[in-house]
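Chemist: Chains P and C are the protein sequences, given in the same order. Heads up: the first sequence is residues 1 to 292, going by this note's numbering. Heads up: the second sequence is residues 1001 to 1784, going by this note's numbering.
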Amino acid sequence: MIRFDYKRPDSIEECLALLDMYREKARLFAGGTDLMVEFRAEDKKLKDVELVLDISKLTELKIIKLDQGSISIGSGATFSQIIENPVLEKYAPFFIEACKTVGSPQIRNTGTVGGNIGTASPASDSVPPLVAMDSKLVLASSKGTRNILLSDFIEGAGRTLIQPDEVIKSIQFKKLKPEAGFSFVKLGRRKTLAIARMNVAVYVESDKDGVVTDVRIVPGSATPVSKRIFEAENMLLGKIPSYDLHEAIGKKVSEKMIGITGKRWSTPYKEPVIASLVKRALNEATGVKENE
Amino acid sequence: MPLMGTKNYRHLNKRLNRVDSADKITGRALYAADVKVPGMIFGGSLRCKYAYAIIVEIDTSKAKAIPGVYAVLTAKDVPKTQSWADYPYLSDGTVRFVGETVAIVAAETTDLVEDALKAIEVEYEELDGVYTIEGALEKNAVQIREKGVGLKDGLPDKDKKGNIFYDSYYPIRKGDIEKGFSEADFILEREYKTPFVEHSYIEREACVVMKDPDAGIVTAYASAQNPFFTRRYLADAIQAPFNKCRVVQKMLGGSFGGKEELVGLMVGRAALLVMATDRPVKMVATREESFMESAKRHPFNFKYKAGLTKDGKIIAWEGTQIANAGAYNNQTQYLNCRAAIHSAGVYNIPNIKTDTYGVFTNNIHSGAMRGYSSPQIIFAQEQFLNEIAKEMGIDEIDLRRKNILKQGDLTATSQKLTAETITLEMIDHMVNTTEYYRKKEEYSNTHKSKEKRKGIALVSCYRGSGYGAETPDAGGSLVTAIEDGTILINTGLAENGQGLKTAYTQIAAEGIGCTTDIINFVGVDTHSIPDSGMTVASRGTVMGAQSMRKASIDLGTLLRETAAMLLKTDPDKVDIDNNEFYIIGSDGKNKVSLADVCNTRLWTGKAMAVYNWSEPGDLGIDHHTGQGDAFPTYSYGVVVAEVEVDMETGFVDVLKVSSGHDVGTCVNPDTVEGQIYGGIAMGQGFGVTEEVPVNKGQLESKNFDSYIFPTSIDVPEMEAVIFECDDSAGTYGAKSLGEPATEAVGAAIAAAVANATGVPVRELPCNLERTLLGKSLSKGGMIK
Chain P
1 MIRFDYKRPD
11 SIEECLALLD
21 MYREKARLFA
31 GGTDLMVEFR
41 AEDKKLKDVE
51 LVLDISKLTE
61 LKIIKLDQGS
71 ISIGSGATFS
81 QIIENPVLEK
91 YAPFFIEACK
101 TVGSPQIRNT
111 GTVGGNIGTA
121 SPASDSVPPL
131 VAMDSKLVLA
141 SSKGTRNILL
151 SDFIEGAGRT
161 LIQPDEVIKS
171 IQFKKLKPEA
181 GFSFVKLGRR
191 KTLAIARMNV
201 AVYVESDKDG
211 VVTDVRIVPG
221 SATPVSKRIF
231 EAENMLLGKI
241 PSYDLHEAIG
251 KKVSEKMIGI
261 TGKRWSTPYK
271 EPVIASLVKR
281 ALNEATGVKE
291 NE
Chain C
1001 MPLMGTKNYR
1011 HLNKRLNRVD
1021 SADKITGRAL
1031 YAADVKVPGM
1041 IFGGSLRCKY
1051 AYAIIVEIDT
1061 SKAKAIPGVY
1071 AVLTAKDVPK
1081 TQSWADYPYL
1091 SDGTVRFVGE
1101 TVAIVAAETT
1111 DLVEDALKAI
1121 EVEYEELDGV
1131 YTIEGALEKN
1141 AVQIREKGVG
1151 LKDGLPDKDK
1161 KGNIFYDSYY
1171 PIRKGDIEKG
1181 FSEADFILER
1191 EYKTPFVEHS
1201 YIEREACVVM
1211 KDPDAGIVTA
1221 YASAQNPFFT
1231 RRYLADAIQA
1241 PFNKCRVVQK
1251 MLGGSFGGKE
1261 ELVGLMVGRA
1271 ALLVMATDRP
1281 VKMVATREES
1291 FMESAKRHPF
1301 NFKYKAGLTK
1311 DGKIIAWEGT
1321 QIANAGAYNN
1331 QTQYLNCRAA
1341 IHSAGVYNIP
1351 NIKTDTYGVF
1361 TNNIHSGAMR
1371 GYSSPQIIFA
1381 QEQFLNEIAK
1391 EMGIDEIDLR
1401 RKNILKQGDL
1411 TATSQKLTAE
1421 TITLEMIDHM
1431 VNTTEYYRKK
1441 EEYSNTHKSK
1451 EKRKGIALVS
1461 CYRGSGYGAE
1471 TPDAGGSLVT
1481 AIEDGTILIN
1491 TGLAENGQGL
1501 KTAYTQIAAE
1511 GIGCTTDIIN
1521 FVGVDTHSIP
1531 DSGMTVASRG
1541 TVMGAQSMRK
1551 ASIDLGTLLR
1561 ETAAMLLKTD
1571 PDKVDIDNNE
1581 FYIIGSDGKN
1591 KVSLADVCNT
1601 RLWTGKAMAV
1611 YNWSEPGDLG
1621 IDHHTGQGDA
1631 FPTYSYGVVV
1641 AEVEVDMETG
1651 FVDVLKVSSG
1661 HDVGTCVNPD
1671 TVEGQIYGGI
1681 AMGQGFGVTE
1691 EVPVNKGQLE
1701 SKNFDSYIFP
1711 TSIDVPEMEA
1721 VIFECDDSAG
1731 TYGAKSLGEP
1741 ATEAVGAAIA
1751 AAVANATGVP
1761 VRELPCNLER
1771 TLLGKSLSKG
1781 GMIK
């Protein structure tokens, strides 16, 4: 296990000052559910780390609020806290569904959404719905704050654009229409305490005639970075949802996935399965039933 | 119907809370890793990361120079490198599996242990090894163990060189196989495979070893499943007499057969460090170490060929069962005895020819894991039976009814089943209560769905109870009365989480006549009682407790004699109720308490204890033909599984498992149900998710993030069905259950998956990829 010093700053300012001082030699501890595993496994990327800054007790990072149509989630909000939040339940239900599937109760009690984003695992459960909502991040450093789109922030598997002196302060997105269709579908190797083999977040808004006016489709664990698949979304835009259309859209997502990743050892499995999961998520979000 | 509850006992056949559950639930229970003694330091192992390599040089000087590091030992520093049981304490210069220990260290703290291990420099020369059963049997395969033998005419031959573990070869020859096949109307041949599986007990292996003049030389506190086996390692490692080496078993957090080899080796290594440092040494395996060096369930390759008459009677059965034994092994030669005896299933077949053997490979050793070959064998045989039924167009239940062993039939070893055998009743009961045919019809309506399909299957099996012909099934128990009227019971068999303390308490209460709450079970201390063999083979209650039954009956007789003397009557006129002796028919006026009886005995100099030794029955099979009486009796099982298979993802959702077991006499319905429920969960893991993927000897799962077993959310609806019958072989008529509870579950689930998908399952587990694609995928593009 890599050994390190430990500090628990009392405020964001203190944290940012320490971070500015230690930079690459410091690592933030939000919930520790990934970080401690990596320390124990002596992950190469942690080899120069000397200091762990525990931000898990910073209550100012745990605030979830609705402000003029925009929702802000403090990066230190735990998954358990998110699951029980009435604002999110109303305006971002698929995000709550995703957070409910994270790990186990113990992991959800300590793991945070900011940590999940910062870890940038392609198998993240919280990231696909957040990307689907075009979320942006507020990053803070001792020099000030900056905003960045979540889908731009995550650069690759385990890689983000965070600077060594920065903290993810909050995640922000516009509230969605409660009457719209949402779905989060996750496939794991078991029903709980499972890393996503694949997942997908879907959001579908329709007009009174049932014509789709807005759609977001974001698969997880399919590509190194979860992104909206615009080509697939466009297939549904302006159309009436149907089983066959959803099946075709699923295949499009699958095709795009292979376009990005190329054929890999896991492709024979992932190719048909992501198509099915997308189809199912769209069916669920729009109330379309299985074709018998 | 022979369901539970018709037997007339005072304390058996009754629900009783486990005697150790309060300690476990409240956290009072002390496990080996909880032991702390003054002056204690810590030990650790440096493990090789190659599957097969020669150690060119080891430099320990930097490690030794670290302040707080007290010992760094390699092969040259110890009396012997190889344990009595083949596995190495320390590598002899060639490492033969990933994780083999090349050096051990002792230091003041666990951090210093880690520093020291990192400071040891080892130069290896990597070798090409053999990694799979197929690879081990290839014509020009590297021979990795000197004692390995080769094949001649397709069978293991002592005079050939190769990778076969000759001691693990068991043939079965019954009837005339050629005649059998020549008379058959239908012949089918199939192959099946199972993977390495990890026990996944929550408590990792741990020990504290210390010098102990009171004990002689050393005492070890250990998470030992078989404390007497552990003592053998302890005495062996430091070359000390057994009577000066003491092993005390601490509360075990699960074992399932696994806390044997690695615990023994760890105790041996810790003892070497104790001798080198003169300090008590604690060693606790990390989860990764537990994965790397604890035994795994044997992977098996099966090839079966059956010949049947056109009305579905199996008249010929041929089979090859090959186990992957790993690099070092002291288990496969026993396991394969059982595997051979059961190599033709629970079926009455006149002509049988099977060959069972193990091969050495550069892998972690295989060993005992709940079932001792039966989960693998039953998986293969029962899939095969369903394939036969499908190919012949006959009903799979009818096929079993036609062929299943009944009272008076001969087993594969030609043992005549003389005791009551309720196989047909069990099948009927399970078919009826699960509504098998109605559900099969209902589920078949889903078999055109592109998304989710349901399936159902029934499997039947049997298991020889106890050691049988494998090894002598003997054991001893000491039952002691104390002056205050309480009782101590002590035996060489161990509580491993299976409920042995509770069962023995009930058995002792039944024999003495006293209540269970005044009995205390002494944990195993090898200085306090003779070796009673291992707590394995589901033998604890059925055979191991025979001596407890006899000793407690004898003690009850002694106590009754004293009670009669005090009551001024004859012993046969005295009985006991609620710990008071009374004269039968005296309206309970003339009574004397158990405490007064015990006190009287103490002060009149009468025996306060009875020790009984139970000798094994006359069992044995001929080594060339496998024919003979193999077991004192057999436990029968019928399991029905219902699943839903996601045809688009390969996800297998186990909906319900109904598990019926003939337990002879049900000692405690609570613990029997507990075994069955736990067995279902473990069988589900074997059937659906569990596999330690091994790639050229490298374990690709070493922790529970990637090794997936079912959680409480995943387990199905469970129905435990307890059958009893009259069979005098086991203690109070009891039969084995610990292993039967899990051995058929994976098979039933796989068969239900095959029913749902229409595709036979020939390899476990039924994980996402294999269920969807028919093959497993692994990193690096290697398709297994």
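Built from N, CA and C at the ideal position, the CB exists for glycine as well.
Mind listing the chain P neighbours of residue 1651 of chain C? Cutoff is C-beta to C-beta under 8 Å, in chain order.
Modeler: Near residue 1651 of chain C (Cβ distances below 8 Å), the residues of chain P are 187.
Chemist: Ignore the nearest five residues each way along the sequence and tell me which others in residue 1 of chain P's own chain have a CB closer than 8 Å to its CB.
Modeler: If we look at residue 1 of chain P and ignore the five residues flanking it on each side, its Cβ neighbours are 39, 40 and 42.
Chemist: Judging by CA-CA distance, which residue of C/1481, C/1649 and C/1568 is the nearest neighbour of residue 276 of chain P?
Modeler: Closest by alpha carbon: C/1649.
Chemist: Indicate whether at least one CB of chain P lies closer than 9 Å to the CB of residue 1716 of chain C.
Modeler: For residue 1716 of chain C, the closest Cβ of chain P is not nearer than 9 Å.
Chemist: Check whether chain C comes within 9 Å of residue 65 of chain P, counting only Cβ atoms and requiring the distance to be less than that.
Modeler: no
Chemist: So which of C/1627, C/1129, C/1084 and C/1188 has the shortest CA-CA distance to residue 1338 of chain C?
Modeler: C/1627
Chemist: Output the distance between the C-alpha atoms of residue 1641 of chain C and residue 1370 of chain C, rounded to the nearest integer angstrom.
Modeler: 20 Å
Chemist: Against chain B, which members of the segment 1105 to 1116 of chain C pass a CB distance test of less than 8 Å?
Modeler: Given the protein chain composition of this structure (P and C), no chain B is represented.
Chemist: Given this structure, state the Cα-to-Cα distance separating residue 1388 of chain C from residue 1428 of chain C, to the nearest angstrom.
Modeler: 21 Å
Chemist: Does the beta carbon of residue 197 of chain P come closer than 9 Å to any beta carbon on chain C?
Modeler: yes
Chemist: Express the C-alpha separation of residue 1399 of chain C and residue 281 of chain P in angstroms, rounding to a whole number.
Modeler: 44 Å
Chemist: As a quick exercise: from C/1750, C/1392, C/1679 and C/1723, pick the residue whose alpha carbon is nearest that of residue 1742 of chain C.
Modeler: C/1679
Chemist: Quick one: give me the first and last residue of the beta strand (DSSP E) that residue 1174 of chain C is part of.
Modeler: 1164 to 1174
Chemist: Following the continuous alpha helix (DSSP H) through residue 1637 of chain C, name the residue where it begins and the one where it ends.
Modeler: Element bounds for residue 1637 of chain C: not the alpha helix (DSSP H) but the beta strand (DSSP E), 1634 to 1646.
Chemist: Under 9 Å between beta-carbons, which chain P residues line up against residue 1451 of chain C? List them in chain order, please.
Modeler: 276, 280 and 290
Chemist: Specify the secondary structure class of residue 1780 of chain C as computed by DSSP and reduced to three states.
Modeler: Any reading at residue 1780 of chain C needs caution, since the residue's pLDDT is 44, under 50, leaving its predicted position unreliable; the model's value is listed next. DSSP places residue 1780 of chain C in helix when its eight states are reduced to three.
Chemist: Does residue 1769 of chain C have its Cβ less than 9 Å from a Cβ in chain P?
Modeler: yes
Chemist: Check whether the Cβ of residue 1441 of chain C lies closer than 9 Å to any Cβ atom in chain P.
Modeler: no
Chemist: Determine the chain C residues that contact residue 272 of chain P at a beta-carbon separation under 8 Å, and present them in chain order.
Modeler: 1648 and 1772
Chemist: In whole angstroms, give me the CA-to-CA distance for residue 1239 of chain C and residue 1334 of chain C.
Modeler: Those two C-alpha atoms are separated by around 26 Å.
Chemist: Examine the ligand HEM and report whether any of its heavy atoms sits within less than 8 Å of the Cβ of residue 1106 of chain C.
Modeler: Absent from the structure shown: the ligand HEM. Ligands present: none.
Chemist: Could you say which of C/1326, C/1033 and C/1102 lies nearest to residue 1224 of chain C if we only look at CA atoms?
Modeler: Minimum Cα distance to residue 1224 of chain C is reached at C/1033.
Chemist: Take every Cβ of the segment 1204 to 1224 of chain C, pair it with every Cβ of the segment 1239 to 1258 of chain C, and state whether three or more of those distances are shorter than 8 Å.
Modeler: They touch, by the three-pair rule.
Chemist: Kindly identify the DSSP beta-bridge partner or partners of residue 219 of chain P.
Modeler: P/200
Chemist: According to the neighbour-count rule (16 or more other Cβ atoms, all chains shown, within 10 Å of its Cβ), is residue 1383 of chain C buried or exposed?
Modeler: buried
Chemist: Residue 1001 of chain C to residue 1733 of chain C, Cα distance in whole Å?
Modeler: Because residue 1001 of chain C sits at a pLDDT of 45, beneath the cut-off of 50, its placement in the model cannot be relied upon, and the following sentence gives the value as read from the coordinates. The alpha-carbon atoms of residue 1001 of chain C and residue 1733 of chain C are separated by roughly 17 Å.
Chemist: When we look at the beta-carbon of residue 1586 of chain C and count the other beta-carbons within 10 Å, is it buried (16 or more) or exposed?
Modeler: Classification of residue 1586 of chain C: exposed, given that the 10 Å Cβ count is below 16.
Chemist: Tell me whether the segment 116 to 136 of chain P and the segment 83 to 100 of chain P touch, counting them as touching only if at least three CB pairs, one residue from each stretch, are closer than 8 Å.
Modeler: yes
Chemist: Quick check on this structure: which residue in C/1720, C/1316 and C/1633 has the alpha carbon closest to the alpha carbon of residue 1745 of chain C?
Modeler: C/1720
Chemist: When burial is assigned at 16 or more other CB atoms within 10 Å of the CB, is residue 1604 of chain C buried or exposed?
Modeler: exposed
Chemist: Would you grab the beta carbon distance between residue 78 of chain P and residue 109 of chain P for me? Rounded to a whole angstrom, and I think it's under 8 Å.
Modeler: 6 Å
Chemist: Cβ of residue 978 of chain C within 9 Å of Cβ of residue 1755 of chain C?
Modeler: No information on residue 978 of chain C is available, as it lies outside the stretch 1001 to 1784 that chain C covers here.
Chemist: Excluding the 5 residues preceding and the 5 following residue 201 of chain P in the sequence, name in chain order all residues of the same chain whose CB lies nearer than 7 Å to its CB.
Modeler: 94, 98, 128, 129, 132, 184 and 218
Chemist: Could you give the distance in angstroms between the alpha-carbon of residue 1782 of chain C and the alpha-carbon of residue 1693 of chain C?
Modeler: With a pLDDT of 39 at residue 1782 of chain C, under the threshold of 50, the modelled position of this residue cannot be trusted; read the value that follows with caution. Cα to Cα, the separation comes out at about 12 Å.
Chemist: When burial is assigned at 16 or more other CB atoms within 10 Å of the CB, is residue 154 of chain P buried or exposed?
Modeler: buried
Chemist: Say whether the segment 1107 to 1123 of chain C touches the segment 1057 to 1076 of chain C, bearing in mind that this needs 3 or more beta-carbon pairs closer than 8 Å, one atom from each stretch.
Modeler: yes
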